[in-house]
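Below: one structure, written as structure tokens.
Numbering (our numbering), first residue to last: 24 to 391.
As structure tokens, then:
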């Protein structure tokens, strides 16, 4: 039987989310119902909220407790604490080949919220777009598929666990899984947001040397150094690419551009040595004009990859990251500021302005 919930509806066009009462559908056979206890805010939420032309419930870094299950669910049960990650079909060649982040249906399941039936309706029955990343967790309760839920260790609190489902997984996974980063070889990270911080910490765990960051804000450069970066260059200085080449004696082995701007893309590519790999992490429309590739020999000797969710399998990768956090090697708590769900508008504003690296909504007051 559908249940009444409170959810933050993004009207579209970048308007501030508004909390309203909605009805949450019963779970499909492969779904669970989550009592949401924390939800991270990612720049993807901001971007999709700006592009959308119809009301929708966003949120794709949820953590909470399973309170009901569909009839085909076997791995999870009522009472399990989980983090929710991205959706994937589980059947296409990429999913069966261990690369679910590149699921053939990934765009539909995640950005478009594809589901056999509407998951959310207004009390009058009007549908509201849900199933964002197969969760739409900016709500007191959410539907998620069994596939995109990962059990939490007892010691890990929901507000810390929530960002692992996307931002932390993406940055750490890029370093561990995608960029060809190596112990003792240079790693370059452009941008010290949540994804960049996760990449920095992963580089330190891996033993990359040096770990170099590029960031225009002094406070964030200091944070990066405290998280394990060995060098930090001012991103507002146009000469940073040459500085990286000089420091490393030829360029970085691996680079991750989290800024998604034409200038950083071209500078990062120039900061790689022959055979190096640049990971690009951005949203559609971030490049204001076509990005030029240097061509020539560089076209053959440097590799560019698009980073989605760190090319991770959440069910196996997230427990690894949880263990790093528990051991003190991945102090995600240092990136987080919490906000009551009722203050989602303030949390969105702080995310957009960069005042906070990782805003996380909490729901204690919603579940009393």
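The beta-carbon is built from N, C-alpha and C at its ideal position, and this holds for glycine as well.
For this session: Quick one: grab the DSSP three-state call for residue 135.
Result: Within the chain shown, numbered from 1, the residue matching residue 135 stands at position 112. Residue 135: coil per DSSP, three-state reduction.
For this session: Under 8 Å by Cβ, that's how I've got residue 156 and residue 83 pegged, so tell me the actual separation to the nearest angstrom.
Result: Numbered from 1 along the chain shown, position 133 holds the residue referred to as residue 156. Numbered from 1 along the chain shown, position 60 holds the residue referred to as residue 83. Correct: roughly 3 Å between the Cβ atoms.
For this session: Would you tell me roughly how many angstroms separate the C-alpha atoms of residue 310 and residue 95, rounded to the nearest one?
Result: Here residue 310 refers to the residue found at position 287 of the chain shown. Here residue 95 refers to the residue found at position 72 of the chain shown. At residue 310 the pLDDT is 49, less than 50, meaning the model places this residue with poor confidence; the figure from the coordinates comes in the next sentence. Roughly 43 Å between the two C-alpha positions.
For this session: Could you pull the start and end residues of the beta strand (DSSP E) that residue 371 belongs to?
Result: Here residue 371 corresponds to residue number 348 of the chain shown, with the count starting at 1. First-last for residue 371: 367-376, but that is the alpha helix (DSSP H), not the beta strand (DSSP E).
For this session: Quick one: residues in its chain with C-beta nearer than 6 Å to the C-beta of residue 277, no 5 flanking neighbours on either side, listed in chain order?
Result: Position 254 of the chain shown, counting from 1, holds the residue named residue 277. Answer for residue 277: 202, 203, 204, 210, 300, listed in chain order.
Exercise. Where does residue 163 land, buried or exposed, given buried means 16+ other C-beta within 10 angstroms?
Worked result: Here residue 163 refers to the residue found at position 140 when the chain shown is read from its first residue. It counts as buried.
Problem set entry | Three-way DSSP call (helix, strand, coil) for residue 337 in this model | For the purposes of this step, residue 337 is identified with residue 314 of the chain shown, where counting begins at 1. DSSP places residue 337 in helix when its eight states are reduced to three.
For this session: Evaluate residue 146 with the Cβ neighbour count: other Cβ atoms within 10 Å of its Cβ, from every protein chain shown; 16 or more gives buried, anything less gives exposed.
Result: Indexing the chain shown from 1 puts residue 146 at position 123. Residue 146 comes out exposed.
For this session: Measuring alpha carbon to alpha carbon, tell me which of 305, 274, 351 ends up nearest residue 292.
Result: Residue numbering aside, residue 292 sits at position 269 when the chain shown is read from its first letter. Checked all of 305, 274, 351; the closest Cα to residue 292 is 274.
For this session: Within its chain, find whatever has a CB closer than 6 Å to the CB of residue 415; leave out the 5 residues flanking it on each side and keep chain order.
Result: This structure does not reach residue 415, given that the chain is present from 24 up to 391, and the question cannot be answered.
Problem set entry | Whole-angstrom C-beta distance between residue 168 and residue 46, which should lie under 8 Å | The count along the chain shown starts at 1 and reaches residue 46 at position 23. The count along the chain shown starts at 1 and reaches residue 168 at position 145. With 8 Å as the limit, residue 46 and residue 168 do not qualify as a contact, their Cβ atoms being about 20 Å apart.
For this session: State the start and end residues of the unbroken alpha helix (DSSP H) segment that holds residue 259.
Result: Taking the chain shown and counting its residues from 1, one reaches residue 259 at position 236. Premise fails: residue 259 is in no alpha helix (DSSP H) and is neither H nor E.
Problem set entry | the stretch 355-374 / the stretch 64-79 touching (three or more Cβ pairs under 8 Å) | yes
Exercise. If you draw a straight line from the C-alpha of residue 323 to the C-alpha of residue 52, how long is it?
Worked result: The count along the chain shown starts at 1 and reaches residue 323 at position 300. The count along the chain shown starts at 1 and reaches residue 52 at position 29. Taking the straight line joining both Cα atoms gives about 48 Å.
For this session: Return the bridge partner residues of residue 174 from the DSSP annotation.
Result: Taking the chain shown and counting its residues from 1, one reaches residue 174 at position 151. 105, per the DSSP bridge assignment.
Problem set entry | Meets three-Cβ-pair contact criterion under 8 Å: the stretch 86-95 and the stretch 172-186 | yes
Exercise. Cβ of residue 391 within 9 Å of Cβ of residue 361?
Worked result: By 1-based counting over the chain shown, the position of residue 391 is 368. By 1-based counting over the chain shown, the position of residue 361 is 338. No, they are not a contact pair.
For this session: Taking the CB atoms as reference points, tell me whether residue 186 and residue 359 lie closer together than 9 Å.
Result: Numbered from its first residue, the chain shown carries residue 186 at position 163. Numbered from its first residue, the chain shown carries residue 359 at position 336. Result yes, Cβ atoms of residue 186 and residue 359 sit closer than 9 Å.
For this session: Drop a sphere of 10 angstroms on the beta-carbon of residue 387, count the other beta-carbons inside from all chains shown, and report buried for 16 or more, exposed for fewer.
Result: For this step, residue 387 is matched to residue 364 along the chain shown. Exposed, by the Cβ-count rule.
Problem set entry | Straight-line gap, residue 267 to residue 196 (C-alpha atoms, nearest Å) | Counting from one through the chain shown, the residue named residue 267 turns up at place 244. Counting from one through the chain shown, the residue named residue 196 turns up at place 173. Each residue's alpha carbon lies about 23 Å from the other.
Problem set entry | For residue 397, three-class secondary structure by DSSP | Here the chain has residues from 24 to 391 only, and residue 397 is not among them.
Exercise. CA-CA distance, residue 245 and residue 297?
Worked result: As a working note, residue 245 is residue 222 in the chain shown. As a working note, residue 297 is residue 274 in the chain shown. Going from the Cα of residue 245 to the Cα of residue 297 covers about 30 Å.
For this session: Could you name the residues of the same chain whose beta carbon sits closer than 6 Å to that of residue 54, not counting the 5 residues immediately before and after it, in chain order?
Result: For the purposes of this step, residue 54 is identified with residue 31 of the chain shown, where counting begins at 1. Cβ neighbours of residue 54 beyond the five flanking positions: 93, 166, 168.
For this session: Label residue 28 either buried or exposed according to how many other C-beta atoms from any shown protein chain fall within 10 Å of its C-beta, with 16 as the threshold for buried.
Result: Translated into the one-based positions of the chain shown, residue 28 becomes position 5. Counting Cβ neighbours within 10 Å, residue 28 comes out buried, since at least 16 surround it.
Exercise. For residue 223, which three-state DSSP category applies?
Worked result: Mapped onto the chain shown, residue 223 falls at position 200. Three-state result, residue 223: helix.
Exercise. When you compare each of 142, 118, 36, 153 to residue 25 by their alpha carbons, which one comes out closest?
Worked result: By 1-based counting over the chain shown, the position of residue 25 is 2. Of the listed residues, the one whose Cα sits closest to residue 25 is 142.
For this session: Check residue 327 in the structure and name its three-state DSSP category.
Result: Start at 1 with the first residue of the chain shown, and residue 327 comes out as number 304. In this structure, residue 327 counts as strand in the three-state DSSP scheme.
For this session: Name the two residues that bound the continuous alpha helix (DSSP H) containing residue 68.
Result: The residue given as residue 68 occupies position 45 in the chain shown. Residue 68 -> alpha helix (DSSP H) spans 66-74.
Problem set entry | Proximal residues to residue 68 (C-beta, below 6 Å), its chain only, five neighbours per side dropped | Along the chain shown, one-based indexing puts residue 68 at 45. So the qualifying residues of the chain are 81.
For this session: Could you say which of 115, 137, 224 lies nearest to residue 127 if we only look at CA atoms?
Result: Residue 127 sits at position 104 when you count from the first residue of the chain shown. The residue with the shortest Cα to Cα distance from residue 127 is 115.
Exercise. Since residue 150 sits in a beta bridge, which residues does DSSP pair it with?
Worked result: In the chain shown, counting from the first residue as 1, residue 150 sits at position 127. Residue 150 is bridged to 144.
For this session: Report the partner residues of residue 292 according to the DSSP bridge assignment.
Result: Taking the first residue of the chain shown as position 1, residue 292 is located at position 269. In DSSP, residue 292 forms no bridge with anything.
For this session: Specify the secondary structure class of residue 159 as computed by DSSP and reduced to three states.
Result: Taking the first residue of the chain shown as position 1, residue 159 is located at position 136. Residue 159: coil per DSSP, three-state reduction.
Exercise. Hey, how far is the Cα of residue 333 from the Cα of residue 123?
Worked result: On the chain shown, residue 333 is found 310 positions in, with the first residue counted as 1. On the chain shown, residue 123 is found 100 positions in, with the first residue counted as 1. Straight-line Cα distance between these residues: approximately 10 Å.
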